[in-house]
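Residue numbers (the working numbering): 932 to 1095. C-beta: ideal position from N, C-alpha, C; glycine also. Okay, structure first, notes after.
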């Protein structure tokens, strides 16, 4: 089985309405014939993440991937966790892959949401801010929903240090 090692970020900002989270809607392959209309049009939201480049550390990858996929920069506050899962590639060889993703909590510093390069549109349909409260109900992947819960716990325990 192939192995992949990636890193990603939970980038948050504090607004008068509360904490917000930057998420992406990944590009998806054309719908499979016979799928219901509801399934075909359901929005999939995920955390920005990607493969660790040679010579790069996981925290550097998290910052880079968040920037590339959302248009935003942030500073690392903490490592949240590693998630592990297996998936089958939907493209090419259809091979099974064991994947480990290290997730980091980042605080927003600058940038405009969804200001991503034309080349990145192959991977990202759009990036958007959503409220952190309840975000786990909107994310598509169980492991990432668990990561959001950890981020919220960390923010609650470190609130004085993190707020602008």
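Collapsed DSSP secondary structure at residue i in the structure displayed
{"i": "residue 1088", "result": "helix"}
{"i": "residue 1007", "result": "strand"}
{"i": "residue 1024", "result": "coil"}
{"i": "residue 978", "result": "coil"}
{"i": "residue 1042", "result": "strand"}
{"i": "residue 987", "result": "coil"}
{"i": "residue 1096", "result": "There is no way to answer for residue 1096, as the model of the chain reaches only from 932 to 1095."}
{"i": "residue 1047", "result": "coil"}
{"i": "residue 948", "result": "coil"}
Rounded Cβ spacing between residue i and residue j (contact assumed at less than 8 Å)
{"i": "residue 1037", "j": "residue 1008", "result": "6 Å"}
{"i": "residue 990", "j": "residue 1035", "result": "6 Å"}
{"i": "residue 1082", "j": "residue 941", "result": "4 Å"}
{"i": "residue 939", "j": "residue 1032", "result": "6 Å"}
Buried versus exposed call for residue i [16 or more other C-beta atoms within 10 Å across all chains shown]
{"i": "residue 1016", "result": "exposed"}
{"i": "residue 1012", "result": "exposed"}
{"i": "residue 964", "result": "Reliability of the predicted coordinates at residue 964 is poor, the pLDDT of 38 falling under 50, and no value is obtained from them."}
{"i": "residue 992", "result": "buried"}
{"i": "residue 933", "result": "exposed"}
{"i": "residue 961", "result": "Note that residue 961 has pLDDT 44, beneath the 50 cutoff, so the model's placement of it is unreliable and no number is given."}
{"i": "residue 949", "result": "exposed"}
{"i": "residue 996", "result": "buried"}
Proximity of residue i and residue j at Cβ, strictly below 8 Å
{"i": "residue 1055", "j": "residue 957", "result": "yes"}
{"i": "residue 985", "j": "residue 955", "result": "no"}
{"i": "residue 1042", "j": "residue 1003", "result": "yes"}
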